[in-house]
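Each remark here refers to the structure printed beneath this line.
Numbering (the working numbering), first residue to last: 675 to 893.
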């Protein structure tokens, strides 16, 4: 069996400013939806993680710092409620759930595409308001917080809002299920920092250590 052709428009890695970082989940979802061979379960993973990470990092800032933040968040929650419900149907449809077997795949695709676009529009207005309120250092810090949250976020749709406890519990549960199901998770994980032992650590571990100019071997 020949290997599948690589995606000509793969989702970009995490990084960049807040607007760019937040836009990548929608961009990835739209790219996959436009591709007849695109995985709908990858769309579910991207959007589920993005929704959870957005609630976890952006909601508190928008609520505290933006003048009409609560109104904007209510608009986002309305779209998120519909989108999360649809993502659950997509997931159940692809898992062979008999309750979702009669769902029109074309209608599902069209509705999902429409909701992703609507979701992107609402969140663009939230980011615009943040840009006009926070200074560049704060938005850069928020972008980093979001990227880290996305890398550890739940990968399946959850209809409830994510408190800090539920965010962690849902993420742990989903990651265990992803492993058990051998389910592909498309977005990049945050690399763990590699701890390099110093000269004394290398000495105790019996590992070679290249000495610097001002270092001397342990006596």
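The beta-carbon is built from N, C-alpha and C at its ideal position, and this holds for glycine as well.
Taking the alpha-carbon of residue i as reference, which of the options has the nearest alpha-carbon?
i	options	result
residue 831	695, 718 and 693	718
residue 822	703, 792 and 728	728
residue 795	747, 766 and 856	747
residue 757	784, 742, 825 and 739	784
residue 779	792, 763 and 701	763
residue 625	838, 853, 833 and 829	No answer is possible for residue 625: it lies beyond the span of the chain, which begins at 675 and ends at 893.
residue 696	707, 723 and 712	723
residue 855	768, 841 and 792	768
residue 720	801, 703 and 755	703
residue 786	809, 806, 760 and 741	760
residue 793	755, 740 and 730	755
residue 738	782, 781 and 804	804
residue 858	712, 700, 819 and 741	712
residue 840	701, 707, 700 and 726	726
residue 741	788, 752, 800 and 809	800
residue 797	753, 788 and 852	753
On the CB-based measure, 16 or more other CB atoms within 10 Å of its CB, does residue i come out buried or exposed?
i	result
residue 790	buried
residue 904	Given that the chain is displayed from residue 675 to residue 893, the structure contains no residue 904 and the question cannot be resolved.
residue 698	buried
residue 765	buried
residue 705	buried
residue 850	exposed
residue 743	buried
residue 710	exposed
residue 802	exposed
residue 716	buried
residue 824	buried
residue 806	exposed
residue 827	buried
residue 730	buried
residue 700	buried
Is any heavy atom in the ligand ZN found nearer than 7 angstroms to the beta carbon of residue i?
i	result
residue 723	This structure lacks the ligand ZN; in fact it carries no ligand of any kind.
message: Runs of 4 residues minimum, wholly inside the segment 692-737: which ones carry the alpha helix (DSSP H) assignment?
response: 692-708
message: Taking 8 angstroms as the cut-off, does the segment 842-855 touch the segment 733-741 (at least 3 CB pairs, one atom from each stretch)?
response: no
- prompt: Where are the beta strand (DSSP E) runs, 3 residues long or more, that stay fully inside the segment 799-851, in chain order?
  reply: DSSP assignment within the segment 799-851 yields no whole beta strand (DSSP E) run of 3 residues or more.
At least three beta-carbon pairs within less than 8 angstroms, the segment 690-703 to the segment 814-821: With the cut-off at 8 angstroms, the segment 690-703 and the segment 814-821 touch.
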